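Chains as they are written, first to last, in our numbering: chain A, 2 to 303; chain B, 25 to 526; chain C, 8 to 310.
Down below is the structure, laid out as structure tokens.
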């Protein structure tokens with residue numbers, strides 16, 4: 002089978018064209034990133050004088066030093082973020098799959114109701130203040146772990162994507178035959194549906210990972226206890242405070258008269274981008290392996 | 025390193041596990057204090073601090089509570105939020121009616137929320153629970169922060185005049201022997217700009233950045249001074265002679281100013297990236313882009329500015345300083361309508377204004393740990409520490425709470441700092457609109473539309489791009505469409521009424 | 008009785024849906040009371056629910072200026088381009104990556120193409136500024152070296168229409184193609200084998216097998232993205248052009264316009280009114296689009 006697929010491929014010439022397009026596209030995406038890395042390594046004075054440059058005229062690690070200054074706080078924030086991401090991703094992916102599966106079943110009689118149920122919320126929301134009132138004053142989520150997870154759960158769009166995948170890739174007949182063989186619904190879901198839908202679960206997982214990893218708003222609004230701060234929040238806050246400090250620098254406030262140092266605003270900003278996304282970019286290649294072909298029903302049936 | 029990471033991870037996990045269960049509160053008990061028998065309460069205070077400099081907050085809070093327990097039989101829960109977080113979070117706390125007792129606000133936060141009944145009216149509370157503070161605060165400051173003749177906030181007691189000044193790089197001024205004392209109008213700037221243009225290719229003669237304010241110096245001699253109105257867009261102004269409000273864009277003074285900037289741009293005095301570049305004073309001076317900056321004219325600014333930009337700066341042309349509603353409202357404390365104990369909150373505020381120990385504890389932390397005393401009123405950093413940020417407690421709230429004049433001075437500060445502040449304040453004249461507040465309920469739509477126009481026209485005009493006359497007449501046209509006349513009319517009506525009631 | 012029997016039959020499936028239902032009630036349905044803020048004169052001492060009703064007064068400010076129609080048009084045109092072009096490019100990219108035989112290279116491309124998604128619009132705005140700034144920008148410097156005429160990028164709105172579309176595509180296409188890649192990965196390969204044996208060319212396979220396979224996901228995405236047709240990506244339209252007033256004719260969309268109008272006023276009722284209006288328009292469009300799709304091919308409709 003592997004050999005056949007090799008035969009059924011584009012011609013050598015087309016293949017070269019495809020590679021060229023992909024390389025150009027990749028370069029367009031990578032160059033700005035290299036610029037970010039370059040800025041993060043440039044001395045602040047040099048940025049003020051010469052603007053951004055791909056090749057730093059003065060090399061400096063001040064930006065990184067500045068963000069790692071808060072040492073332990075940063076490691077704790079990393080740990081919190083990892084925990085939030087893991088819990089959130091597992092929960093987020095699972096509830097979407099569990100909800101999408103019945104919707105994909107042609108025999109399920111309440112499809113219309115449950116579709117509308119999700120759809121309404123994709124169009125209307127009560128606004129942030131209403132959510133805040135609910136979460137803080139009624140659910141009492143302030144300064145709890147749940148506040149970092151719950152508000153970000155339940156993406157409606159991915160329910161529809163997942164449902165479509167189930168419909169297309171898993172023929173109803175095999176579910177029916179499994180039922181005739183006496184399999185329970187939960188068994189069918191766990192033993193057949195999940196293994197057959199790894200690509201879409203991987204997509205959901207990936208999107209949840211990115212979402213939870215990058216989220217800092219939950220922490221901003223719901224957390225005041227620094228034991229629970231997440232990485233992106235700590236970074237965001239340091240960054241914006243640094244900017245504010247610079248703007249206040251001449252207002253004559255006592256605290257600032259002591260800070261006769263140049264805050265590495267620009268380089269630190271870019272260093273934060275690198276420190277913040279480095280680990281998460283590295284996750285992608287691991288998830289990619291679930292995007293491979295051959296896991297389909299056809300292969301199993303054959 | 026590895027150990028540190030593991031320790032961090034463990035700490036994080038433990039933190040998350042334990043954060044759910046908060047500590048149990050001490051039993052409510054009544055205690056006799058110098059203010060009478062008071063039941064125990066906990067008060068929540070929300071205010072902004074500077075980031076990452078309050079590792080020892082818990083230690084200081086404990087000390088504060090020890091003292092307050094004695095004094096008022098209360099403890100405080102301090103929601104000391106990082107400045108940037110504060111500005112996003114506090115409005116949400118207010119709009120969701122989250123419970124807190126004392127909060128810090130600036131003018132826009134006060135005006136936006138007073139009309140929505142977010143804050144308690146303080147007149148009575150002040151009389152009853154904080155007579156010392158009422159005595160202490162100059163009447164002008166209490167009058168100035170009133171909204172509709174009612175007091176909703178206590179201004180932090182600090183300098184209260186407001187004016188601007190230009191601060192120039194001394195080396196440049198000396199090099200070309202500029203006479204700053206002869207600087208009276210924008211026209212007087214021109215020879216200097218010319219010289220810089222010709223001799224200093226690196227420097228921009230007149231550096232403008234995206235957050236820049238318009239020149240406060242008059243365009244030409246003998247110009248009339250118009251006043252801005254608190255809570256309204258800058259295009260509405262007040263003429264003190266006729267006591268009429270008018271459309272500023274139509275005044276000669278306005279047109280002159282922008283014609284000159286337009287000329288300067290054409291002569292190449294203004295940087296090309298004026299509209300889009302944003303630069304702090306540091307960046308302007310250290311980055312060798314500009315050679316002067318504009319900021320507050322209050323005493324001592326040249327010293328702190330010189331330190332922060334790393335070269336000596338000298339001032340030129342102090343604007344006449346006024347006591348203005350907006351400047352008085354720069355830093356205030358309020359009591360929330362969600363507070364269950366507004367009386368006790370007022371007593372606490374009173375202590376912040378009158379109790380020297382408490383305000384210094386809030387501001388500098390614990391003696392011996394965060395600072396050491398040099399003499400009665402002077403303090404220094406603890407031995408071996410070079411920056412306040414490294415002491416573990418540097419909240420930077422000196423101008424956000426209570427009474428500045430009760431604060432210790434650092435050993436590097438001028439010993440007469442407070443006297444200077446006092447005389448600066450006393451020499452500031454009250455602006456004619458002091459204490460006047462426009463109720464915007466009926467003109468909100470017009471204000472929204474005009475705020476939008478300001479963002480479209482102010483910056484290009486300040487950068488002097490295009491053709492100033494065309495821009496101004498287009499701006500004027502649009503202001504009329506957006507209903508500036510309705511706003512002027514309504515404001516005038518309210519002003520006349522206010523004047524009568526005074 | 009029959010109903011209960013039916014519920015019983017699908018009990019297991021209903022239980023599966025329960026976690027999501029709970030989450031949606033907590034995150035979505037309960038806070039829906041916030042919609043009423045748009046119709047209220049908010050008074051915090053009475054609470055949001057207890058405040059007085061004021062009808063449509065909070066909506067008026069949006070239509071106080073004649074500029075609004077131009078701004079609505081801007082928002083819709085940009086979104087239509089983003090939706091159509093974005094989908095075309097994401098699908099093309101997915102198919103292309105799928106056809107690259109060297110798996111290592113294909114994975115590398117995928118990983119690199121997704122990088123821009125991780126840069127927040129603030130960071131993107133700095134990068135763009137690094138390229139276009141009149142003072143230090145790489146492109147103005149390059150133009151000067153080549154003796155080309157000087158262009159002031161931040162004052163010419165016509166340059167920004169294609170630029171904004173380009174930036175949006177650059178930042179989102181790699182990420183959006185993931186969904187299509189996953190769908191392709193889930194496809195039944197035997198179809199292609201059969202087609203090949205029948206002598207179908209690669210292009211014919213794409214045209215008659217791959218695209219129809221992707222059609223359902225594309226339709227779902229299309230219908231649902233119409234829900235946001237008059238919402239503007241704030242970061243893209245505000246931060247990336249550095250909020251330059253001279254660019255407003257090209258960069259102003261509803262969200263930036265409202266932001267500039269309301270930051271000073273800080274009126275929660277007025278800002279809720281904007282959100283409400285955006286939701287209603289989105290809702291109408293989604294229902295209409297679904298009706299049309301149903302009419303053409305009832306299998307593809309999403310509800």
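Glycine is no exception: its CB is placed at the ideal position from the N, C-alpha and C atoms.
These numbers come from a predicted model, not from an experiment.
In terms of DSSP beta bridges, what is residue i paired with?
| i | result |
| --- | --- |
| residue 340 of chain B | B/190 |
| residue 360 of chain B | B/143 |
| residue 213 of chain B | Looking at the DSSP assignment, residue 213 of chain B forms no beta bridge with any residue, so it has no partner. |
| residue 128 of chain B | B/357 |
| residue 244 of chain C | BP columns for residue 244 of chain C are empty, so no partner. |
Any idea what DSSP makes of residue i, helix, strand or coil?
| i | result |
| --- | --- |
| residue 192 of chain C | helix |
| residue 382 of chain B | helix |
| residue 48 of chain B | Low confidence applies here, because residue 48 of chain B scores a pLDDT of 41, under 50, leaving its location unreliable; read the following figure in that light. Residue 48 of chain B falls in the coil class under three-state DSSP. |
| residue 217 of chain A | coil |
| residue 271 of chain A | helix |
| residue 102 of chain C | helix |
| residue 553 of chain B | As displayed, chain B neither begins before 25 nor continues past 526, which places residue 553 of chain B out of reach and without an answer. |
| residue 200 of chain C | helix |
| residue 105 of chain B | strand |
| residue 133 of chain C | helix |
| residue 78 of chain B | coil |
| residue 427 of chain B | strand |
| residue 409 of chain B | coil |
Does any CB atom of chain C fall closer than 9 Å to the CB of residue i?
| i | result |
| --- | --- |
| residue 252 of chain B | no |
| residue 113 of chain A | yes |
| residue 300 of chain B | yes |
| residue 11 of chain A | yes |
| residue 361 of chain B | yes |
| residue 210 of chain B | no |
| residue 127 of chain B | no |
Quick one: does residue i have its CB under 9 Å from some CB of chain A?
| i | result |
| --- | --- |
| residue 271 of chain B | no |
| residue 106 of chain C | yes |
| residue 252 of chain C | no |
| residue 217 of chain C | no |
| residue 342 of chain B | no |
| residue 116 of chain B | yes |
| residue 86 of chain C | no |
| residue 223 of chain C | yes |
| residue 234 of chain B | no |
Kindly list, in the order they appear in chain B, the residues whose Cβ is closer than 7 Å to that of residue i.
| i | result |
| --- | --- |
| residue 49 of chain C | 140 |
| residue 49 of chain A | 307, 310 and 311 |
Residues of chain C with CB closer than 8 Å to the CB of residue i, please, in chain order.
| i | result |
| --- | --- |
| residue 136 of chain B | 272, 273 and 274 |
Looking at the C-beta of residue i, does it have a partner C-beta in chain B at a distance below 9 Å?
| i | result |
| --- | --- |
| residue 55 of chain C | yes |
| residue 130 of chain A | yes |
| residue 65 of chain A | no |
| residue 133 of chain A | yes |
| residue 334 of chain A | Residue 334 of chain A is absent from the structure shown; chain A starts at 2 and stops at 303. |
Identify the contact partners of residue i in chain B, using a Cβ-Cβ distance below 8 Å as the criterion.
| i | result |
| --- | --- |
| residue 137 of chain A | 120 and 122 |
| residue 225 of chain A | 103 and 105 |
List, in order along the chain, the chain A residues whose C-beta lies closer than 8 Å to that of residue i?
| i | result |
| --- | --- |
| residue 555 of chain B | Chain B is shown from 25 up to 526; residue 555 of chain B falls before or after that span and cannot be answered. |
Classify residue i: buried if its beta carbon has 16 or more other beta carbons within 10 angstroms, exposed otherwise.
| i | result |
| --- | --- |
| residue 2 of chain C | Not covered by the structure: residue 2 of chain C. The range shown for chain C is 8 to 310. |
| residue 233 of chain A | buried |
| residue 176 of chain C | buried |
| residue 261 of chain A | Here residue 261 of chain A scores only 39 on pLDDT, less than 50, and its place in the model should not be relied on; the value that follows carries that caveat. It counts as exposed. |
Which residues in chain C have a C-beta closer than 9 Å to the C-beta of residue i? List them in chain order.
| i | result |
| --- | --- |
| residue 185 of chain A | 19 |
For residue i, return the contacting residues in chain C, with the cut-off set at a CB-CB distance below 7 Å.
| i | result |
| --- | --- |
| residue 289 of chain A | 114 and 117 |
Find the residues of chain A that neighbour residue i, judging by a C-beta separation of less than 7 Å, and give them in chain order.
| i | result |
| --- | --- |
| residue 305 of chain C | Chain A residues near residue 305 of chain C: none, gap ~13 Å exceeds 7 Å. |
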